[in-house]
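Under mature numbering (1 follows the signal peptide of the UniProt record, and there is no 0), the residues of the sequence shown are numbered -21 to -1, 1 to 663, in order. A virtual CB, placed ideally from N, CA and C, is assigned to each residue, including glycine. Report on the following structure.
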Amino acid sequence: MIRFCLLLGLLLAGLGVQAHARDACDFRLDRTKQFEATFKQLLLDEAEQARGLWQPIRRAQKEVQELARFVGRLDVCLRTPDGRQVEYLDPVGGFRVKSDKFVGLCTATLLPGNQLITARHCYHDDRVAALGFTEIEAVKVHFDFRQVDFIGDVQSFDVSPVEVASVTDVDAMILKVKGDANGAMGGHIPLIFQTRTQPQDALLMVHHPIAQPTQFSSGTCAVASEQSDLPDHAPNLRHMCETFGGSSGALILDADERVVVGLHQGADVVKDSFGRVRDGFNIGFKFEPVNEALDLGFAPLSAVERTLQGLPALQGLAPKREVLTDILTRYPGTKIAARANGMLKALPERDVEAEARAALTEAREIADVVARRGRLGEIVAQFPETDAAANARFMLDLLDAPVDLVADAAGALAAAERIEDPKDRRTRLEEVKAKFAGTPEAERAQTLLNQLQDQGKTHAKIIERGRVNCAVSEGVDDAFCYVLAGHLFGEYQFKVKRFDVGPMNGLSHLHKGTAEVLVSTEDLLSNWSTDRKYRKVGSVVRGNMAILLPKTLGIQSVSELNEATGKKYPSFCHDLAIEAPVLKEFLRNQKVSYELLWPFVTEEDVQIAYLEGRCDAVVTLSGRQEPYLFLPPDADPLQITDWVPFDDWFQVYVMADDEKWVETVEKIVDRLGRPSKSQAAICV
């Protein structure tokens, strides 16, 4: 890699002083020419020895160039508080200057909301402060700076000198751009990151070394072999990407997936006995701890990959297109977006089965027998290989059946009406409707089906839509919504649409029908208008989480799990009710590297997974661990080794006009646990 310490030593030893006052902040885009005039050959010589150097962004592949438009040169102008002139080495020009201003150089990346992410030390550098430059005068960021001799496309913005947020532990900082940078640059860096950081993994870095136009490092750019010296839970990232002063704050990307891996900080070099640079690596931080510390909302690549893997389970073309288009829109320029685009193009233009089903439904509603017969014949001809066509043929046969069919229809309808169970009655009425289409009994069956639909209209609407709409107030976890979806559909991926609501507008979502359930910490009914009907189904209290490990491991704490299993990433199984972020924080504090399996729908699913050998550990809520302690005799018994402190409380509301839906939601409230036997309150 390019050795900044070596070059800095040459600068200090071999150059004279060019003293002049520099009272204005030097934000010139061509400052890099001063450096190249003296040191370009030195850079090239060392690059040849290192077998790698950064290159102009125009030489990168198209997708990398697209991502590069969100990477900017960050110029930070600091001043002495008393106007004192300080002599120092110019970080770009290579000569000594005397001024009350110092312009530091970094790289920053554009986020949503016209915000930037960069290294914290770009604002708070102890070495610069030691010279006397402690106050920020002005800050600028330059996007699309790709060539020194043509700057017509450069987009420059002022940046607030006060950071939005910063975290010292991972040297990360969020800044606010003054102006619409997102609009000018057409978006922001895709909010997706890779958690895997193994030695020799190929990396990619887009940055502005020594104030140069946008460059990218590849080739030798990889996770350093020294990364293996660190435990997996360490936040540090050691890499070999070619960098220089001005590269600080750049995001490090996975070269293959083109998603974020880390945040570059600086260099860690080793010198020989003569003080010459012998070896070393660059340092930064993995992006997962940066993402969590600053609450950036980046999605892990593994989660998006699971979304693609679950695509075949979706019914119909429209939901598939929606998911693929969403990935393509959210993560442009990444490999996962390219995969989604390929899958999108491979989808057929028409969903013939869905069209045929819709046509058959329409045909069933035609009262005139002759017209219905004609429409059924069209369906058979238009959709010959579909299930709907087969049903249409059957209905045509019934229309041509002898007259005594009417008597059979009357008997079948009477039998269906005597069935008490709503589900079984609905099934039998559907049979009457299909088998005796065109008869008065079939029409009566449809009327009865409509009545059944009204009795459970909320539940039926959700099933037909394929997801549950859940209103969630601020500060409340949406685990309840996913548990409810798992109960309704047997799965939960793509089955929940969340609406974030304020403390007083949640019930309006229920009233308007945009949501079927509301999860809130507020007692809303006591303050709500009395002309509407709502039901507080109950309150849910989630207590501590229990970690259960196999007794045969002979360990008493999860902190021993890696060593006891001999696995780098032992797997943890849990259902939807646990609080994953709290569990992750606990495991990190215990210095446990792990794989948290995708949540199972029910506790029974977790038990099955453990008995099948897919889990090295099980996590459940306090009070729900008993089933795991009494497994079949031939199973490896589990024991509680750790308690994860956790406390959560919320209330659940639905509309009161659908008792079947109230009962459905009530089951989930009971399953997650009530503080006491709750009497549902009705506001009339």
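The segment 333 to 348 makes no contact with the segment 313 to 321: fewer than 3 CB pairs, one atom from each, lie closer than 8 Å. It is roughly 36 Å from the alpha-carbon of residue 3 to the alpha-carbon of residue 232.
Contact between residue 540 and residue 571 holds: their C-beta atoms lie close to 6 Å from each other, under 8 Å. Ranked by Cα distance from residue 463, the options 453, 438, 455 and 613 are led by 438.
DSSP lists no beta-bridge partner residue for residue 33.
Residue 6 and residue 119 have their alpha carbons spaced roughly 8 Å apart. Note that the C-beta distance between residue 160 and residue 53 is not below 8 Å. Shown here for residue 623: same chain residues with a beta carbon closer than 8 Å to its own, the five before and five after excluded, namely 523, 524, 525, 526, 561, 562, 565 and 598 in chain order.
By the C-beta criterion, the segment 186 to 198 is judged to be in contact with the segment 117 to 133, since at least 3 inter-stretch pairs fall below 8 Å. When DSSP states are grouped into helix, strand and coil, residue 283 belongs to the helix group. Pairing residue 446 with residue 473 gives a Cβ-Cβ distance under 8 Å. In the displayed model, residue 233 falls within a strand according to three-state DSSP. Less than 8 Å separates the beta-carbon of residue 628 from that of residue 518.
For residue 405, the closest of 418, 423 and 417 by C-alpha to C-alpha distance is 423. Distance from the CA atom of residue 397 to the CA atom of residue 409, rounded to whole angstroms, is 15 Å. Secondary structure at residue 327: coil, using DSSP grouped into helix, strand and coil. The residue from 176, 298, 530 and 342 with its alpha-carbon nearest to that of residue 330 is 298.
Every unbroken stretch of the alpha helix (DSSP H) spanning 4 or more residues and falling wholly within the segment 120 to 176 is given here in chain order: 160 to 164.
It is roughly 9 Å from the alpha-carbon of residue 246 to the alpha-carbon of residue 219. DSSP lists no beta-bridge partner residue for residue 423. Residue 574 is a Cβ neighbour of residue 550, given a cutoff of 8 Å. For a cut-off of 8 Å, the C-beta gap from residue 50 to residue 185 is around 5 Å, short enough to register as a contact.
Classified as buried, residue 420 has 16 or more neighbouring CB atoms from the shown chains inside 10 Å of its CB.
A direct Cα-Cα distance of roughly 5 Å separates residue 78 from residue 64.
Residue 141 sits exposed, since fewer than 16 C-beta atoms from the chains shown fall within 10 Å of its C-beta. The count of Cβ pairs closer than 8 Å, one atom from the segment 277 to 287 and one from the segment 221 to 231, stays below three, leaving the stretches out of contact.
It is roughly 31 Å from the alpha-carbon of residue 98 to the alpha-carbon of residue 558.
Counting the other Cβ atoms within 10 Å of the Cβ of residue 209 gives fewer than 16, which makes it exposed. At a Cβ-Cβ threshold of 8 Å, residue 450 and residue 555 do not count as neighbours. C-alpha of residue 630 to C-alpha of residue 62: approximately 59 Å in a straight line. Under the DSSP definition of a beta bridge, residue 184 partners with 196 and 231.
Its Cα nearest to that of residue 589, the residue 553 stands out among 553, 417, 476 and 129. Spanning the alpha carbons of residue 58 and residue 500 requires a straight line of approximately 49 Å.
Here residue 264 is near residue 214, since their CB atoms are less than 8 Å apart. If you ignore the 5 residues before and after residue 203, its C-beta comes within less than 8 Å of the C-beta of 178, 217, 218, 219, 260 and 261, all in its own chain and listed in chain order. For the options 444, 375, 441 and 436, the alpha carbon positioned closest to that of residue 418 is the one of 375.
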